[in-house]
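Note that my numbering numbers the sequence shown so that position 8 is 9, with each residue one more than the last. All C-beta atoms in this analysis are idealised placements derived from N, C-alpha and C, irrespective of residue type, glycine included.
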Amino acid sequence: MVEPRMKTAGEKSECPESLLPMRKAFKGTFISAGGYHREDGNQAVAQNHTDLVTYGRLFLANPDLPRRFELDAPLNKYNRETFYIPDPVIGYTDYPFLETNVA
Numbered sequence: 002m003v004e005p006r007m008k009t010a011g012e013k014s015e016c017p018e019s020l021l022p023m024r025k026a027f028k029g030t031f032i033s034a035g036g037y038h039r040e041d042g043n044q045a046v047a048q049n050h051t052d053l054v055t056y057g058r059l060f061l062a063n064p065d066l067p068r069r070f071e072l073d074a075p076l077n078k079y080n081r082e083t084f085y086i087p088d089p090v091i092g093y094t095d096y097p098f099l100e101t102n103v104a
């Protein structure tokens, strides 16, 4: 389910209980999306608002996102202008990985 948490690009609108009626009615694994970052994604799982959280834009810009979350490392900023362009090199594949010497 996509939670309507974004007013505009980068501007969140908090509505943490908006999906709770669907969460309670659905008996399978519940996956939420909608502008989550590490902290609020963890909080949504901890408060049983969802089972899993997706991080679409963050994952595009950070191909090593789980490692960055684990280390609480800085994130690459995504470039929305390159999301839907035909160039196969720019946008989806040119974001840098975390330096291997960060630990």
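In chain order, what residues of the same chain have a beta carbon less than 6 Å from the beta carbon of residue i, not counting five sequence neighbours either side?
i	result
aspartate 52	Thr30, Phe31
asparagine 63	Arg69, Leu76, Asn77
Could you check whether residue j and residue i sit closer than 8 Å to each other, using their CB atoms as the reference points?
i	j	result
leucine 59	leucine 72	no
tyrosine 79	valine 54	no
Using a Cβ-Cβ cutoff of less than 7 Å, which residues in the same chain neighbour residue i once the five nearest sequence positions on both sides are dropped?
i	result
phenylalanine 84	Gly92
Give me the Cα-Cα distance between residue i and residue j, rounded to the nearest whole angstrom.
i	j	result
tyrosine 56	asparagine 43	12 Å
lysine 25	glutamate 40	23 Å
glutamine 48	leucine 66	22 Å
aspartate 88	glycine 35	26 Å
proline 97	leucine 61	11 Å
serine 33	valine 90	29 Å
histidine 50	leucine 21	6 Å
lysine 28	valine 46	16 Å
Would you check whether the ligand SAM has a heavy atom nearer than 7 Å to the C-beta of residue i?
i	result
aspartate 88	Looking for the ligand SAM in the displayed structure turns up nothing, as the structure carries no ligands at all.
Going residue by residue through the stretch 25 to 94, where are the continuous alpha helix (DSSP H) segments of at least 4 residues, counting only ones entirely within it? 39 to 47, 57 to 62, 66 to 72
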